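The structure appears below as structure tokens.
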Amino acid sequence: MRKLFLSSLLISTLIGVLITIQACQPNVSIETAQYAVNGQKLYTTHCQNCHGAKGEGLGQLYPPLTDSIFLNKHRSQLACIVKNGMKGSIEVSGKKFDNEMPGIPQLNNVEIAYILTYVTTTFGNSTTTYTQEEVAKNIASCD
Numbered sequence: 001m002r003k004l005f006l007s008s009l010l011i012s013t014l015i016g017v018l019i020t021i022q023a024c025q026p027n028v029s030i031e032t033a034q035y036a037v038n039g040q041k042l043y044t045t046h047c048q049n050c051h052g053a054k055g056e057g058l059g060q061l062y063p064p065l066t067d068s069i070f071l072n073k074h075r076s077q078l079a080c081i082v083k084n085g086m087k088g089s090i091e092v093s094g095k096k097f098d099n100e101m102p103g104i105p106q107l108n109n110v111e112i113a114y115i116l117t118y119v120t121t122t123f124g125n126s127t128t129t130y131t132q133e134e135v136a137k138n139i140a141s142c143d
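Residue numbers (the numbering used here): 1 to 143.
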């Protein structure tokens, strides 16, 4: 009985959060809000240590995720970067970064879509959902 109550409470809370997000950001769809909520959990686990709780990056070591110009320009490559990592120099917000980013190969396409939707709908970025179909297409094109 207690498990049922706690499960119901959790579901009600999540629905309330989604409704609040929707009310605060009227141009964000329910699907985008759901992806972002799931993506936040995955971001916290896999990305936050280097890129920061607010996507601010870590000094000269790891780039911020607040540069919507970089994210939009490289949108089709982001799924590959999350899955396979990245080597080489990049420029983000006028700063050069040359550290290796490890990939997270154990993530499936929907989990990558969640993370990318979270990143691209927070930290001052756009409000576009990454679908698992887009992620699958982009991963199939990885170099």
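Glycine residues also receive a C-beta, built at the ideal position from the N, C-alpha and C atoms. All values derive from a computational prediction rather than experimental measurement.
Go ahead and label GLY124 buried or exposed: buried means 16 or more other beta carbons lie within 10 angstroms of its beta carbon, across all protein chains shown. exposed
I need the straight-line Cα distance from GLY55 to THR66, nearest angstrom please. 6 Å
Output the distance between the C-alpha atoms of GLY57 and VAL110, rounded to the nearest integer angstrom. 24 Å
If you draw a straight line from the alpha carbon of HIS74 to that of LEU116, how long is it in whole angstroms? 12 Å
What number of angstroms, rounded off, separates the C-alpha of GLU133 from the C-alpha of ILE69? 23 Å
Selection from PRO63, ASN72, LYS95 and THR45 that minimises the alpha carbon distance to THR121: ASN72
Just the C-alpha distance for PHE97 and ALA140, rounded to the nearest angstrom, thanks. 26 Å
Take the Cβ of ALA53 as the centre, count every other Cβ of all protein chains shown within 10 Å, and call the residue buried at 16 or more, exposed below. exposed
Helix, strand or coil for ILE30? Go by DSSP, reduced to three states. helix
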